[in-house]
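Visitor: Quick one: structure below, then a few questions.
2 protein chains.
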Amino acid sequence: MHNSFKPHKRILMGPGPSNVNPKVLDAMSKAPLGHLDPQFIELMDEIKSLLKYTFKTENESTFVLSGPGSLGMEACLVNLVEPGDKVIVCVGGYFANRMTQIVEKIGGNVVVVKETWGRAIEPAKLEDALKTNPDTKVVAFVHAETSTGALSNIKQLSEIAHKYNCLTIADTVTSLGATDVYVDEWNLDAVYSCSQKGLACVAGMSPIIFSERAVQHIKNRKTPIQSWFNDLNLLSVYWSGVKRIYHHTAPSNQFYGLHEALLILKEEGIENAWRRHKENSAKFISKLKQLGLDPFVPEGERIPNLITVKIPSDTDEAKVRNELLNKHNLEIGAGLGELAGKIWRIGLMGYNSNEKMIDYCVGALKDVLNK
Amino acid sequence: MHNSFKPHKRILMGPGPSNVNPKVLDAMSKAPLGHLDPQFIELMDEIKSLLKYTFKTENESTFVLSGPGSLGMEACLVNLVEPGDKVIVCVGGYFANRMTQIVEKIGGNVVVVKETWGRAIEPAKLEDALKTNPDTKVVAFVHAETSTGALSNIKQLSEIAHKYNCLTIADTVTSLGATDVYVDEWNLDAVYSCSQKGLACVAGMSPIIFSERAVQHIKNRKTPIQSWFNDLNLLSVYWSGVKRIYHHTAPSNQFYGLHEALLILKEEGIENAWRRHKENSAKFISKLKQLGLDPFVPEGERIPNLITVKIPSDTDEAKVRNELLNKHNLEIGAGLGELAGKIWRIGLMGYNSNEKMIDYCVGALKDVLNK
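Protein chains in written order, with this note's numbering: chain A, 60 to 430; chain B, 60 to 430.
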């Protein structure tokens, strides 16, 4: 018996994946191409150029990793960090904490700048840590902390890090495409993101960039990069070489989807997309407040496209999410780590950042919460 | 200007990717699901069960890595090998050689059992190496060496390895789904494959299994696994836990495609698929011989679904491939590594293993080679 999979048509308003433009799905359903087909190499070049636009960078080392954002996190760290290197990680949530785990696996020496979950990283704390750890090589931080909803000022964090001659690694998983990101202006050395949030594509790819400074640093490493798959030196001959040399078999159909999503984003204009996310976020938050749902993150520190709200007392939060899913086909996100049971995470991003989705979500919450 | 990508309709008869059943592309174009959606978890369970059927295994640690086969290679090695461990790698081609590079990056101590490129690994050579290296922990080998077209008897290699109390790692990238693979019967401890060859899906996923013996070995490691993304302990709570815990955002649409491809394979029956590949291979080779193209690998050691032929002298091999591509929309593979310029690699696998494709390829070669 042949039971093809028929996914429910969910409204995805969790922390990502989000729904995608049908054009993206259409692009993905085209016939596959070989990973060294001249037409596919052209597609890779176009993706690269569209990503430079999206990241606001001129860095030549702009790629897509053939795996999700978490692989991008590991790739940035494993290329820049050598065993024994001191690495400061600014931790205000689950994903920054994951960075510390990866640095430990690499054999790096982690120093944590600790921030309250739900708050932007306090730049002064980073400066203090750098003063007491002048031998730090790399400073890593998360722009939009998906687990808490807090947005940090990474322009400022990067300035401080460079003042102490450190390289910077920035997680833009939840910000890219939806919130202002200026890789070159902010002097970021290694940056990774994902495909399924602000870029409004399906999940599974990780756009990544390395600055010229990072590339030189990698070339001058004393020890080999511990990973083969994520080794920038090997990846770059496939993505950038004059003659492209096989590294791995790229997922052609995923790349078709990403290309289409990036075209749609460029057509809108990245600044317009940023503005749209901010405006819709403000509207959404005011409607949530009317339902008695308070934002978890203080104003001025919120990720526009990922809104976290405190769960009202006496609420069976899992029951609410189940009802939203089963009755309204609406997915919202649970809290993660120490915020489990305390907040919901509601994504309003990419293709879904519009008034229709705001109203749908508010209506469903109203129904389920009996407001 | 919005220039959506319009891939050529290539006939993919290189070493993979191969063409896919339109049903697979149709499945991939469905709306995405969240990675913790109950329906998506059910899909993962179904994929797991279909993969057990395909791998001929009952191992509970059967997953799909959200990245290509090369990531699967790294995952098997990084989980089983600790720095300082002695690892024998049987090398008769480019991909086995890549294994040695990864072992070195992990800090393992590599011993190479060297075989002529284009020949099956001689089991006696492995036994000799184990006799002189009784402290070996892991033996790694490639079943179907994609770079040469040679198929090794990994049942026998595994028997020898276990006689010396070693764990075994098998690359089934080019064999799974197209050539007999019996993971449990052959006592293989860690096995990886890809999605775009015998499984007849698009590229970008790596089915992977670990035996109970491998899982115990990993639990008893003295050092942490160097990779976070590929850490079996973290992956398995997402794939197998009673309560599924978030690890990374799985590529839902890729999984839809894989599920559909595995259903199609099960519908045919895996033994029937193996037989089909063998029969078509024999027909194809006899027609190639009529064109004066001789198989590179001796009879009895050939991968049924990947045929390598010697390039006739006085042939501009790149020109031939370009003409096949541009005039006939047909992709065949170039030689890799030390076989570059010496052989072509022609895939006859999955959806493409049929008489129509044989005739198409033979006709195109006849035209371009002026036979």
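Where is the CB? At the ideal position from N, CA and C, for every residue including glycine.
#1: Taking W333 (chain B) and T238 (chain B) to be in contact with their CB atoms under 8 angstroms, please state how far apart those CB atoms are, rounded to whole angstroms.
#2: Applying the 10 Å Cβ sphere with the 16-neighbour rule, what's the burial state of G143 (chain B)?
#3: For the pair the stretch 257-265 of chain B and the stretch 316-328 of chain B, tell me if three or more CB-CB distances fall below 8 angstroms.
#4: Short of 7 angstroms in beta carbon distance, which residues of its chain neighbour L95 (chain A), apart from the five on each side in sequence? Order them along the chain.
#5: Should G328 (chain B) be labelled buried (16 or more other beta-carbon atoms within 10 Å of its own) or exposed?
#6: Look at L124 (chain A) and I267 (chain A) and say whether their C-beta atoms are less than 8 angstroms apart.
#7: Quick one: does the C-beta of P182 (chain B) sit closer than 7 angstroms to a heavy atom of the ligand GTP?
#8: Threshold first: 3 residues or longer. Then list the beta strand (DSSP E) segments lying entirely within the stretch 252-288 of chain A, N to C.
#9: Quick check: what's the CA-CA separation for Q160 (chain B) versus E319 (chain A)?
#10: Please report the residue range of the alpha helix (DSSP H) in which M87 (chain B) lies.
#11: Does K281 (chain B) get closer than 8 angstroms to chain A when you measure Cβ to Cβ?
#12: Compare the C-beta of C253 (chain B) against all C-beta atoms of chain A and say whether one is closer than 8 angstroms.
#13: Under 6 angstroms Cβ to Cβ from L235 (chain A), same chain only, skipping five residues before and after it: list those, please.
#14: Excluding the 5 residues flanking L216 (chain B) on each side, which residues of the same chain have their C-beta closer than 8 angstroms to its C-beta?
#15: Given that R69 (chain B) touches chain A, what residues does it touch there, using C-beta distances under 9 angstroms?
#16: Give the interface partners of M87 (chain B) over in chain A, defined as CB-CB distance under 7 angstroms, in chain order.
#17: Using 8 angstroms for Cβ pairs, my map puts K89 (chain B) next to Y241 (chain B). What's the rounded Cβ distance?
#18: Drop a sphere of 10 angstroms on the beta-carbon of K190 (chain B), count the other beta-carbons inside from all chains shown, and report buried for 16 or more, exposed for fewer.
#19: Check each residue of the stretch 265-290 of chain B: if its Cβ is closer than 9 angstroms to any Cβ of chain A, include it; give the result in chain order.
#20: One question on the structure: do L407 (chain A) and N339 (chain A) come within less than 8 angstroms of each other, judged by their Cβ atoms?
#21: Please go through the same chain and pick out, in chain order, the residues whose beta-carbon is closer than 7 angstroms to the beta-carbon of N192 (chain A), but skip the five residues on each side of it.
#22: Measuring CB atoms only, is the stretch 67-87 of chain B touching the stretch 415-423 of chain B, in the sense that at least three cross pairs come out at less than 8 angstroms?
#23: Within the chosen definition, does the stretch 279-291 of chain B reach the stretch 128-135 of chain A through at least 3 CB pairs nearer than 8 angstroms?
#24: Kindly indicate which residue of B:G208, B:H307 and B:N156 has the alpha-carbon position closest to the one of T233 (chain B).
#25: Comparing C-alpha positions only, which one of A:Y410, A:F99 and A:V137 sits nearest to R69 (chain B)?
#26: Taking only beta-carbon positions, decide if T308 (chain A) is within less than 8 angstroms of chain B.
#27: Measuring alpha carbon to alpha carbon, tell me which residue in A:G93, A:W403, A:H336 and A:K346 is nearest V356 (chain A).
#28: Can you tell me the Cβ-Cβ gap for F154 (chain B) and T231 (chain B), rounded? I've got them flagged as a contact below 8 angstroms.
#29: In chain B, what lies closer than 7 angstroms to Q160 (chain A) by C-beta?
#30: For W245 (chain A) and K214 (chain A), I'd like the C-alpha separation in whole angstroms.
#31: Does C420 (chain A) come out as helix, strand or coil in the three-state DSSP assignment?
#32: Give the residues from the stretch 113-126 of chain A that approach chain B closer than 7 angstroms (Cβ to any Cβ), ordered along the chain.
#33: Under 8 angstroms between C-beta atoms, does L322 (chain B) make it to chain A?
#34: Considering only the alpha carbon of each residue, which of A:V296, A:G396, A:N385 and A:K82 lies closest to N156 (chain A)?
#35: Mind listing the chain C neighbours of V197 (chain A)? Cutoff is C-beta to C-beta under 9 angstroms, in chain order.
#36: Would E390 (chain B) be called buried (16 or more neighbouring beta carbons within 10 Å of its own) or exposed?
Guide: In terms of the structure at hand:
#1: Right, the Cβ-Cβ distance comes to about 6 angstroms (below 8 angstroms), so this counts as a contact.
#2: When all chains shown are included, G143 (chain B) counts as exposed.
#3: Contact holds: three or more Cβ-Cβ distances are below 8 angstroms.
#4: Within the same chain, Cβ atoms closer than 7 angstroms to the Cβ of L95 (chain A) are found at R303 and Y305, the five residues on either side in sequence being excluded.
#5: By the neighbour-count criterion, in which a residue is buried when 16 or more other Cβ atoms sit within 10 angstroms of its Cβ, G328 (chain B) is exposed.
#6: I267 (chain A) is positioned such that its CB atom lies closer than 8 angstroms to that of L124 (chain A).
#7: The ligand GTP is absent from the structure shown, which contains no ligands of any kind.
#8: Correct list: 265-269.
#9: Spanning the two alpha carbons is a distance of roughly 36 angstroms.
#10: If you look at M87 (chain B), you'll find it in the alpha helix (DSSP H) that goes P81 to M87.
#11: Cβ-Cβ to chain A under 8 angstroms: no for K281 (chain B).
#12: Output row for C253 (chain B): interface = yes.
#13: Correct list, in chain order: S252 and G257.
#14: Listed in chain order, the non-local C-beta contacts of L216 (chain B) below 8 angstroms within the same chain comprise C149, I180, P182, L185, V198, F200 and T227, local neighbours out to five positions each way being set aside.
#15: Chain A residues near R69 (chain B): A90, P91, L92, G93, D96 and Q98.
#16: Chain A residues near M87 (chain B): M87, S88 and N312.
#17: Contact flag wrong, Cβ pair sits at about 33 angstroms.
#18: With fewer than 16 Cβ atoms within 10 Å of its Cβ, K190 (chain B) is classed as exposed.
#19: Of all residues in the stretch 265-290 of chain B, P283, I284, Q285, S286, W287, F288, N289 and D290 have a Cβ within less than 9 angstroms of some Cβ in chain A.
#20: The answer is yes: Cβ separation under 8 angstroms.
#21: Counting only Cβ-Cβ distances below 7 angstroms, and skipping sequence neighbours, we find K145, I147 and V170.
#22: At 8 angstroms Cβ cutoff, the stretches touch.
#23: Because the criterion of three Cβ pairs below 8 angstroms is met, the stretch 279-291 of chain B and the stretch 128-135 of chain A touch.
#24: Of all alpha-carbon atoms in B:G208, B:H307 and B:N156, the one lying nearest the alpha-carbon of T233 (chain B) is that of B:G208.
#25: For the residues A:Y410, A:F99 and A:V137, the minimum Cα distance to R69 (chain B) belongs to A:F99.
#26: T308 (chain A) counts as touching chain B.
#27: Closest option to V356 (chain A), Cα to Cα, is A:W403.
#28: The C-beta separation of F154 (chain B) from T231 (chain B) comes to about 11 angstroms, leaving the pair out of contact by the 8 angstroms criterion.
#29: Here the neighbours are W287.
#30: Just so you know, the alpha carbons of W245 (chain A) and K214 (chain A) end up roughly 5 angstroms apart.
#31: Here C420 (chain A) sits in helix by DSSP.
#32: Residues of the stretch 113-126 of chain A with a C-beta atom less than 7 angstroms from some C-beta of chain B are S125 and G126, listed in chain order.
#33: So yes, L322 (chain B) belongs to the interface.
#34: Nearest C-alpha to N156 (chain A): A:G396.
#35: Given the protein chain composition of this structure (A and B), no chain C is represented.
#36: Answer is buried; the Cβ neighbour count reaches 16.
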